[in-house]
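Protein chains in written order, with this note's numbering: chain G, 1 to 528; chain U, 1001 to 1366; chain X, 2001 to 2557. Heads up, the beta-carbon is just placed ideally off N, CA and C, and yes, glycines get one too. Input: a single structure, listed below in structure tokens.
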């Protein structure tokens, strides 16, 4: 997030797109609700009538995967109505001319055709966002899990840049991170493109620096392959994997492909707290400590670095992840893994990461720092881009066009399937599914189907249906509701007995290789 | 600029007399906030600093010179020159009477501390004021809802004192407006719409109502499973393991048993808020499905429990073999977005330091 | 006529000012009760959270949640009606689904029974009759009147009749020749003060509203005459409604408020119709609405009917009720003069106060001041009821001896009886008895006896009455009407009622008395609003004047 969570109580206009926040980030959503109580106006873009959508002043139930078209038309309205921030554009951005002339062709009427919402609602959304003082953007995986995920994000950036809604209290562009420490995984360099602290791998100086620090002659001065590529390469160029705490088989798209990939490895080591579906394919499974059993650090969606603390002794012989990885490394003869505590590990990270340079184990005790914290005197950075962008750079406009999803509905697969999460379940339910009481509220998976679709397809509430995509088919119980719009069905991927990710995986963003989990044409038929 | 300075000067000039002592305050502060800052221990039952002051319990009344009746300090903004007494004989007598009255409407004064974060507030005050006198006995207010079988929130309204903290936290903090108050006077009763079960209401089971309840009328059913478990309650401050918001919580344990979760009221990301997952979904930790020992795949093709050394040796051997056979670009690491920094850091270091590649990623792409 | 759809009703009201109460009434009228479906529709239509709306609906005594609902008789079992067979009448109507209601404000013409939107009166089931509110009797003391000066004149409650008897000349004169500042000065000079009981100087209140920032400002007429034993506002509204409307219009001119509400208690159904018609007639004649009498001044006035809650006479509760919120009192400060309706500056004035205004404008400040006895300014309406020869509304010069009113004006107690006690301020002032009856009707005199005049309801109890029972009934009323927000009142009124009802007679008398005293003292000192502060006057005065009756009551065990 560019702005701290506390800023979520302060926008004038809230533009929430592709985020089911009350279910996926409920505590963050409480802040938006408070902003609403204080008079903020909210626009929600989501195909479904989510709780957030019901609270909105304007809800745009766009067709899944049509975000870019909507955002182009909003930009069009903002420019047409003179709502752009001329001085911000002049002082802090570049490449605005091409963008501003590009958007002139994308009228609300044009977008209305693609998005399947009225042009006047698109007009209103553009005007509201353009006039908000400030306006804040919130998004989650409904933006990124598309083949055009990067285009979607960039389109949001264009909106914020043209209206100067960056570096402002209560404004900004705010992706909500889905997992407790997904931010931290990136911070720590567990990505193919960056060393710890987002120091690019393809910079030879960085590669040389880390080679030296890690006691090697060299480290490749080029990006590694992504997980998606690695799975595609399994059994071809990739022959061993070490997977920590991820149930890849259930949560990744195209389950059958993924299972096949892992099976074709020579060697698979999985570290986890349960014997997951992924662990069952491993050669070695190593039991890790769970929450409350070990000390550690995690960073939240607002880049706040906070301490986890051990409350009880670990289950059985479970060990902290860092200990397990270090023991493997030592056995591989790799130097530099003589850690005695989580504190040792974290302090090493701080020494190597410019954004953590001002931090150490003791200083983050109260969790009051947002990175970047470049030195020990620095108070931390709750709000990014204030006054200037990083290193005085310009905010770049990007010229983007609309593209259809990887697969579109057809006679064979006439419905859009979009997937997501539910309040009571987390991911593949390895945790929530084992917590007493949750089943009282959410006992099984279901497919949300609009009443009109249910009628025409002969589906009944509570009955079973077969849902098929180009990759496979599953059976699922039907829930007839107008929460999903006509022509679109919804389910989550949380229940292993309804492996919806058998169906998904139609395409990947060419830049990030994020899977298009939010769009998948399907066919749904009743099961007698 | 000059104007700005005079503003500051004016602000600085705001003073009042608090129990004989001249103290400064900023405009907008209430008497209670100022008294609290000066550690006056003014008692309250309906006050939760996260909520708008409500003025129901009247325990926080103080004497203000020139005002005939005592005023509720929580709802009264301080004004310049006020002369305030937070504790006089008359005030203390009223407080004791109020506590005797409120104790008289409940089934019991003592509740298990696992009921919730604030559950001991009334007990502590009743004892501080020696108000277990049994005076003012009469009908009990509130009717416990025993029909609501939800597994999270106990609705024991026989112990409800109608402070409306639950109603207010649900509205003001959580924004769910799931509960409210039915009827009036002594017959007030906390309810959902049409007095149904919580499951059939707007309730999201975030547990905020439970944690602000000062009497344990609303109780944490999950924590109360361990009401009779031996041992002191230990609280360990940590961060919720679910989404990216990073809510601070206190993990409650008795011995080595995790018994419950309470929100950290001073948690910087959540300021006391939690959701159903953070509040109630912790049983996975001490669960029989947990891996207790390492597993290795043996000749029979099955996974078998083994000692750590064997497992780690097997893990390392496999990697060595692949590296030797296919080269250093044949090994890939996937770190977790769920595990702490130390896991991700050592994972990437393991790959980079062992193989000299950047063949490391995490699960943010799923 | 086919009944209107949910959507039609919502469309009719949702963009009106203060829409919740009229919308709920619309559903209540349509169905006879408020169904789950109706509450859901209103919740959605007005965007009020369902649980909150449900809670608010249950707060009001008169909203039914099931059939026969509105059609079932509601029988007054108020303090005076009960002395005259209210409970028995209720019992006799039980087969029709009758339910009790607290004092319905017709103690001079008993016993009121509301069926649908009609108020009947009668002492027995067979003698129920639908008839108009009694017109005040001619002033027995021959003293000069303000409010009642023209009320007895034929046709006074019609616009032509009102104008024929001098009505609206005050407004015409003011709009033509005066300024808001001058009007406020005139009212301040007259020493008119809040006649609902608080006694706050009206001119000062108006000036505060006029000076406060924020728009639109509002004038709210408090016509929620809920105090038991008070029925004066009803007489004014039924027989001189234009005086109230003209007074409000003058108040709106003084304060710059373009918006006004009359918040009328549920128990006066015919009055609602009458006020609505009067406002419509005034609007048709350009006396209300846009550009009144060509002056450029605008004032829109709406009637909003309550639904049975005494606390809604408390101005904070009243404003919350108007706004569609749960009708708890508000914490003060801030006061309504700066943060009233929709948090905008608002003058909340009683019916009697507002109805006095045209007369004061017409006759001058000095004239009004001189109506009082001695140093006291103006007049006060007294609703006199109970064990007295001629109950009714009397306009007395402030400072009139109580004995003059009781014995000379109202004919004294019933044959063969003596006055044992009177209440003050309806019930809120508790009892006055014995030598203390030698008082004059003004606040200083009455307050010297530990009571207050308040809204001017006086109930008479003769020597045949059980004063512990009278105190119990009074406290029972307060317990029934306690809103439930603040602890001392919510629990205190309950515990007092239990004790006065003999439910705690196992206590030693000294312990019983100590409990009553401690509860009373804490309620008076710490309650959040006037209800809880005033209720202990009942027990305090009971123990002061009737210790032997209390002793005998406790001795019964």
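Asked: Mind pulling the chain G residues with CB within less than 8 Å of residue 1290 of chain U?; Found: 273, 274, 287, 290, 315, 316 and 318
Asked: Use the C-beta contact count for residue 393 of chain G: other C-beta atoms within 10 angstroms, 16 or more gives buried, fewer gives exposed.; Found: exposed
Asked: Going by DSSP, which residues form a beta bridge with residue 2422 of chain X?; Found: X:2432 and X:2460
Asked: Using DSSP with H/G/I as helix, E/B as strand and the rest coil, what is residue 186 of chain G?; Found: helix
Asked: Whole beta strand (DSSP E) runs in the stretch 1148 to 1181 of chain U with 3 or more residues, listed along the chain?; Found: 1153 to 1155
Asked: Let's see if you can read the secondary structure: which residues bound the beta strand (DSSP E) around residue 2261 of chain X?; Found: 2259 to 2264
Asked: Quick check: the stretch 2203 to 2215 of chain X against the stretch 2298 to 2306 of chain X, are at least 3 beta-carbon pairs closer than 8 Å?; Found: no
Asked: Give me the Cβ distance between residue 281 of chain G and residue 262 of chain G, rounded to the nearest whole Å; I'm assuming they're in contact under 8 Å.; Found: 5 Å
Asked: Sorted by chain position, which residues of the same chain lie with C-beta nearer than 6 Å to residue 2549 of chain X's C-beta, five sequence neighbours on each side aside?; Found: 2467 and 2468
Asked: Taking DSSP as the reference, what is the three-state secondary structure of residue 2300 of chain X?; Found: strand
Asked: How would you write the range of the beta strand (DSSP E) that residue 2347 of chain X sits in, first residue to last?; Found: 2346 to 2350
Asked: Can you check whether the C-beta of residue 419 of chain G is within less than 8 Å of a C-beta belonging to chain U?; Found: no
Asked: Can you pull the chain U residues whose beta carbon is under 8 Å from the beta carbon of residue 2335 of chain X, in chain order?; Found: Within 8 Å Cβ-Cβ: nothing; residue 2335 of chain X doesn't reach chain U, min ~13 Å.
Asked: For residue 2381 of chain X, which residues does DSSP report across the bridge?; Found: X:2395
Asked: Considering Cα atoms alone, identify which of G:501, G:65, G:398 and G:34 is closest to residue 46 of chain G.; Found: G:65
Asked: Return no unless some Cβ of chain G is closer than 8 Å to the Cβ of residue 1105 of chain U.; Found: no
Asked: Of all the options U:1278, U:1239, U:1280 and U:1294, which has the alpha carbon lying nearest to the alpha carbon of residue 1268 of chain U?; Found: U:1239
Asked: Along the stretch 434 to 453 of chain G, what residues have a CB closer than 8 Å to any CB found in chain U?; Found: 434, 435, 436, 437, 438, 440 and 441
Asked: Does the Cβ-Cβ distance between residue 28 of chain G and residue 69 of chain G come in under 8 Å?; Found: no
Asked: Please classify residue 479 of chain G as buried or exposed, where buried requires at least 16 neighbouring CB atoms within 10 angstroms.; Found: buried
Asked: Scan the stretch 2448 to 2502 of chain X and note each continuous alpha helix (DSSP H) run of 4 residues or more that stays entirely inside, going in chain order.; Found: 2467 to 2481 and 2487 to 2500
Asked: With DSSP as the reference, please indicate the residues paired to residue 87 of chain G in a beta bridge.; Found: DSSP output for residue 87 of chain G lists no bridge partner at all.
Asked: Give me the DSSP bridge partner(s) of residue 1250 of chain U.; Found: U:1237 and U:1262
Asked: With a cut-off of 8 Å, does the C-beta of residue 2566 of chain X fall near any C-beta of chain U?; Found: This structure does not reach residue 2566 of chain X, given that chain X is present from 2001 up to 2557, and the question cannot be answered.
Asked: Quick one: what does DSSP say residue 523 of chain G is sitting in, helix, strand or coil?; Found: strand
Asked: Could one say the Cβ of residue 1007 of chain U lies closer than 8 Å to chain X's Cβ atoms, at least one of them?; Found: Its pLDDT being 48, under 50, residue 1007 of chain U is placed unreliably by the model, and the measurement read from it follows with that caveat. So, not an interface residue.
Asked: Have a look at residue 2010 of chain X and residue 2031 of chain X and give me their C-alpha separation to the nearest angstrom.; Found: 15 Å
Asked: May I ask you to report which of helix, strand or coil DSSP gives residue 207 of chain G?; Found: helix
Asked: Check whether the Cβ of residue 1193 of chain U lies closer than 8 Å to any Cβ atom in chain X.; Found: yes
Asked: When we look at the beta-carbon of residue 1013 of chain U and count the other beta-carbons within 10 Å, is it buried (16 or more) or exposed?; Found: exposed
Asked: On the three-pair Cβ rule with 8 Å, is the stretch 1176 to 1184 of chain U touching the stretch 2051 to 2069 of chain X?; Found: yes
Asked: Do you know how far the Cα of residue 305 of chain G is from the Cα of residue 1324 of chain U?; Found: 39 Å
Asked: Do we get a CB-CB distance below 8 Å when we pair residue 1094 of chain U with the residues of chain X?; Found: yes
Asked: Between which two residues does the alpha helix (DSSP H) carrying residue 79 of chain G extend?; Found: 67 to 80
Asked: Residues in the same chain with beta-carbon distance under 6 Å from residue 337 of chain G, minus the five sequence neighbours each way, listed in chain order, please.; Found: 326, 329 and 330
Asked: Could you check the C-alpha separation between residue 15 of chain G and residue 515 of chain G for me, to the nearest Å?; Found: 24 Å
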